[in-house]
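In what follows, a single structure is set out as structure tokens and then discussed.
Residue numbers (full-length UniProt numbering): 1 to 362.
Following this line, the structure appears as structure tokens:
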């Protein structure tokens, strides 16, 4: 059972938040988590993953099932499909980037009435209203869930997303607007939305509550990590208490683009020994060499420490956001591994196999 806890969050109050009498919007500036049942089991996975050699026998060796290190029990996938989506309603939609930020990012909360049971790290699909240029329904777009399994209102009846409005100029000089992102960013409270899923198991949290969890996110890639961190620091569960280290690296172009900054700083204040926070603001910060501060540049400042953590079997790395950061991080790790005669490509393959290196980039 989840105990009642209050936590201040950074979402600004929406000016337009009226709904029918069926649904009341809880002020996002102070959310109380209610007592609700949880389905989690707190399972630690102590010890190292080792290779097991089959004994010589006249029979074929039994297949050894992989023991997952993530919370994968009871994970539901594709309960709602494109032909039969769940119809939710927008409860809250508010811009969370400054007016001078390069692009708008919005935080939105949808009602699910508990019909979309998801785990931290999963995604949902959204089907925008209307028809495409061929007169067919729009294809779904997947978005990482930005709320814990309890949801922002603590009642397990909502799901939240973090969406950047996509607007760009094509080669012909025409302004192009992303269909689904603009549909979502323009939603008003009370509007219906078609939801599919939940999907995904790659980004599920570790079972071990004593794990070290390194999170690398750029822009809206912060979404799954917000879901992790709310469970770790803003909620209390009888069957889960985080006692490890959570280390978040967030990369953005400007300080006005820092998403959920106040929330994360509040978490750090609450548990400084369990939460480390590093921002990389590329257009405003530089390293000692005068180079722009991208997420891999910030990580390089802690390269040796991160490499030592990666040698432990209870360290988990999660990467979500722009694909470009992956190569920069690989370059850092490859040089560190080479100093010890380790092939980074093979080492990373082993980490992936052990559920310790998790990547979701676009």
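Idealized CB from N, CA, C, for every residue including glycine.
Which runs of the beta strand (DSSP E) fall wholly inside the stretch 201-243 and span at least 3 residues, in chain order? Counting whole runs of 3 or more residues, the stretch 201-243 contains the beta strand (DSSP E) stretches 212-218.
What ranges does the alpha helix (DSSP H) occupy inside the stretch 244-296, keeping only unbroken runs of at least 4 residues that lie completely in it? Taken in chain order, the complete alpha helix (DSSP H) segments of 4 residues or longer contained in the stretch 244-296 are 261-270.
DSSP state of residue 304, grouped into three classes? Looking at residue 304 - three-state DSSP - the assignment turns out to be helix.
Can you determine whether any heavy atom of the ligand MN sits closer than 7 Å to the C-beta of residue 309, and answer yes or no? As presented, the structure is devoid of all ligands, the ligand MN included, so that no description of it is given.
Nearest to residue 217 (by Cα), restricted to the options 72, 208, 69, 361: In this structure, 361 is the residue among 72, 208, 69, 361 with its C-alpha nearest to the C-alpha of residue 217.
Ordered along the chain, which non-local residues of its own chain (more than five positions away) have a Cβ less than 8 Å from that of residue 244? The beta carbon of residue 244 is closer than 8 Å to those of 208, 209, 210, 211, 212, 213, 274, 314 in its chain, skipping five residues each way along the sequence.
Own chain residues within Cβ distance below 6 Å of residue 55, not counting five before or after: Summary for residue 55: the model assigns pLDDT 36, below 50, so the residue's position carries little reliability; its value from the coordinates is reported in the next sentence. Same-chain partners within the cutoff: there are none.
At the level of alpha carbons, what is the spacing between residue 331 and residue 322? If you take the alpha carbons of residue 331 and residue 322, they lie about 16 Å apart.
On the DSSP letters alone, give me the boundaries of the alpha helix (DSSP H) that residue 328 sits inside. Here the alpha helix (DSSP H) through residue 328 covers 324-339.
Answer yes or no: does any C-beta atom of chain D fall closer than 8 Å to that of residue 85? Of the protein chains in this structure there is only one, and it is not chain D.
Along the chain, where does the beta strand (DSSP E) containing residue 150 start, and where does it finish? Residue 150 -> no beta strand (DSSP E), and no H or E assigned at all.
Using DSSP bridges, identify the partner residues of residue 88. Secondary-structure assignment with DSSP links residue 88 through a beta bridge to 193.
Of all the options 341, 340, 339, 348, which has the alpha carbon lying nearest to the alpha carbon of residue 329? Out of 341, 340, 339, 348, 348 has the C-alpha closest to the C-alpha of residue 329.
Own chain residues within Cβ distance below 6 Å of residue 103, not counting five before or after: Answer for residue 103: 164, listed in chain order.
For residue 129, tell me which candidate among 160, 67, 185 has the shortest Cα-Cα distance. In terms of Cα proximity to residue 129, the closest of 160, 67, 185 is 185.
Minimum C-alpha distance to residue 112 - residue among 192, 127, 67, 98: Cα-wise, what sits closest to residue 112 is 192.
Classification of residue 296 by the beta-carbon crowding that lies within 10 angstroms, buried from 16 upward: Around the beta carbon of residue 296, 16 or more other beta carbons lie within 10 angstroms, which makes this residue buried.
Measure the Cβ-Cβ separation of residue 251 and residue 325 and say whether it is below 8 Å. Closer than 8 Å, so yes.
Same chain, Cβ closer than 6 Å to residue 48, five either side skipped, listed in chain order: Reliability fails at residue 48, whose pLDDT of 37 lies under 50, so the model's placement of it is uncertain and the value that follows must be treated cautiously. Cβ neighbours of residue 48 beyond the five flanking positions: 313.
Give the straight-line distance between the Cα atoms of residue 82 and residue 127, rounded to the nearest whole angstrom. About 8 Å.
Can you give the Cα-Cα distance for residue 258 and residue 197, rounded to whole angstroms? Rounded to whole angstroms, residue 258 and residue 197 show a C-alpha spacing of 28 Å.
Neighbourhood of residue 157 by C-beta distance below 8 Å, restricted to the same chain and skipping five residues each side: Setting aside the 5 residues that flank it on each side, residue 157 is surrounded in the same chain by 111, 112, 113, 114, 151, each with a C-beta closer than 8 Å to its C-beta; the list follows chain order.
Apart from the five residues just before and just after residue 337, which ones in its own chain have a Cβ nearer than 8 Å to its Cβ? Within the same chain, residue 337 has close Cβ partners 307, 343, 344, 347.
Going by CA-CA distance only, name the one from 335, 68, 224, 309 that's closest to residue 121. Measuring from the Cα of residue 121, the nearest candidate turns out to be 224.
State buried or exposed for residue 131, treating a residue as buried only when at least 16 other CB atoms are found within 10 Å of its CB. With fewer than 16 neighbouring CB atoms inside 10 Å of its own CB, residue 131 falls in the exposed class.
By how many angstroms is the C-alpha of residue 238 removed from the C-alpha of residue 167? A straight line joining the alpha-carbon of residue 167 with that of residue 238 spans about 45 Å.
Using CA atoms only, rank isn't needed, just tell me which of 311, 284, 124, 280 is closest to residue 159. That would be 124, whose Cα lies nearest to the Cα of residue 159.
Under 8 Å between the Cβ atoms of residue 96 and residue 118? In this structure, residue 96 lies away from residue 118, with their beta-carbon atoms at least 8 Å apart.
What residue does the alpha helix (DSSP H) around residue 115 start on, and which one ends it? It is not in any alpha helix (DSSP H) - residue 115 carries neither H nor E in the DSSP assignment.
Alpha carbon to alpha carbon, how far is residue 195 from residue 88? Give it in angstroms, no decimals. Spanning the two alpha carbons is a distance of roughly 7 Å.
Spatially closest choice to residue 147 from 260, 206, 71, 84, by CA coordinates: Ranking the options by Cα distance to residue 147, first place goes to 260.
Taking DSSP as the reference, what is the three-state secondary structure of residue 347? It is helical.
When the Cα atoms are used, what is the spatial distance from residue 90 to residue 153? In a straight line, the C-alpha of residue 90 is about 13 Å away from that of residue 153.
Applying the criterion that 16 or more other CB atoms from any shown protein chain within 10 Å of the CB defines a buried residue, is residue 350 buried or exposed? Residue 350 is exposed by the Cβ-count criterion.
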